[in-house]
Amino acid sequence: MRCPFCGNEDTQVKDSRPTEDNSAIRRRRFCPSCSARFTTFERVQLRELTVVKSAGQREAFDRDKLLRSMKIALRKRPIDADRIDRVVNSLVRQLESSGESEIPSKQIGERIMEALQTLDQVAYIRYASVYKDFREASDFNEFVEQLAPEAQPG
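Be aware that the sequence shown starts at 1, since it is given in full-length UniProt numbering, and climbs by one per residue.
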């Protein structure tokens, strides 16, 4: 593993242990060249996934991009970072075990929305507002009304 500080390619593993949910190995490393210490994570990857965008372009699946989009929706919400990571790990496992190597971006977005709906309603609405391209306040109102039709007077 290359040192992120000095670029030395000969780093040493000082400690290895599984993460709390056993989805990765956390390794503490030491660089003998610059004496820096850093942490790496090793995850199992069942298959190489390719995301097929709506316009037809293809790009490599990026777990970090999925995590970033969820963290943006969950910003300032009372959800623990470990819980978010577990949800992302679960989503990635679902995608990898689907049997498909090419996943439509729409399918990924729908799965994120499903996960957010059970995790946090505010984050779910935030994500939906971007994913479904809300243009004005009435779009929010219509979406929220669909969430809880039994709460409406009538």
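For each residue, glycine too, the CB sits at the ideal point set by N, CA and C.
| query | Near residue 32, which residues of its chain fall below 8 Å by C-beta distance, leaving aside the five closest residues on each side in sequence? | reply | Beyond the five residues adjoining it in sequence on each side, residue 32 comes within less than 8 Å, by CB distance, of 8, 10, 11, 12 in the same chain, given in chain order.
| query | Are at least three pairs of beta-carbons, each pair with one atom in the stretch 36-56 and one in the stretch 94-104, less than 8 Å apart? | reply | yes
| query | CA-CA distance, residue 125 and residue 42? | reply | 33 Å
| field | Chain-order list of residues whose beta-carbon lies under 6 Å from that of residue 5 (same chain, five-residue window excluded) | value | 34, 36
| task | Determine the direct distance from the alpha carbon of residue 74 to that of residue 138, and round the result to whole angstroms. | result | Cα-Cα distance, rounded: 23 Å.
| said: Is the beta carbon of residue 91 closer than 9 Å to that of residue 119? | reply: no
| Whole runs of the alpha helix (DSSP H) within the UniProt domain "ATP-cone" (49-139), excluding any shorter than 4 residues | 63-73, 81-96, 105-119, 121-131
| query | Ordered along the chain, which non-local residues of its own chain (more than five positions away) have a Cβ less than 7 Å from that of residue 82? | reply | 20
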